[in-house]
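First up is the structure itself, then whatever we jot down about it.
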Amino acid sequence: MLFPSLRDISGDYDDTFRGMTAEPVELDALLSARERMVTELQAGLDAAEREFLLSLARNEPNWDLLGVEHLEQLPGIRWKLENLGRLAKANPKKLKEQAHELERRLGKTA
12 MLFPSLRDIS GDYDDTFRGM TAEPVELDAL LSARERMVTE LQAGLDAAER
62 EFLLSLARNE PNWDLLGVEH LEQLPGIRWK LENLGRLAKA NPKKLKEQAH
112 ELERRLGKTA
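Terminal number for the sequence shown in the working numbering: 121, no gaps in between.
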C-alpha cells in the first residue's frame, strides 16, 4: 500500500469499469487519484508511524509508538505478525532485507 507496484489498468478500465459509474470517470482521473493517494499516504506518515512500521517489519513491534489501545489485537496486525514470524523462522535473511528496504524507502519519503 505504501509503495505499490502500479500496474497498467487501461485494459481493466475499458473492459470492466467504463460505464459502471453514475457519472463518467476518465482513466486519467483514476490514475491521478491513485498517484495522489500514494503520495499523500507516504508524505502523511509522521516519525512515530514510520518507526512503528519499521519495528513491525523487523518483527519487533513497538506498540507504544502509536498510542493505540489494543493495537496488537487487531486482526490485520496479528496476521502480519504471524506471517513475519514464519518468515523469520524460514528465512531470517529475507526478513532483514525486507526491513532494510522499507527503511530505505521510508527515508526517501521523509
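C-beta atoms are modelled at their ideal positions from N, C-alpha and C, and glycine is treated no differently.
Check	Outcome
Environment of A101 [buried if 16+ CB atoms lie within 10 Å]	exposed
Range covered by the alpha helix (DSSP H) that runs through Q84	No alpha helix (DSSP H) holds Q84; DSSP gives it neither H nor E.
Within-8 Å CB hit, V79 to chain B	Absent from the structure: chain B. Only one protein chain is present.
Buried versus exposed, by CB contacts within 10 Å (16 or more), L64	buried
V36, enclosing alpha helix (DSSP H) - first and last residue	Looking at the DSSP string, V36 is not in any alpha helix (DSSP H), and its letter there is neither H nor E.
Contact under 8 Å by Cβ, A68 with A110	yes
Three-state class that DSSP yields for I20 in the structure shown	coil
Contacts around E80, its chain only, beta-carbon distance under 6 Å, and the 5 residues preceding and following it disregarded	none
Reference K91, options L77, L106, G78, closest by Cα	L106
Spatial neighbours of P72 in its chain, beta-carbon cut-off 6 Å, leaving aside the 5 residues before and after	S66
Limits of the alpha helix (DSSP H) - the one that F63 falls within	58–68
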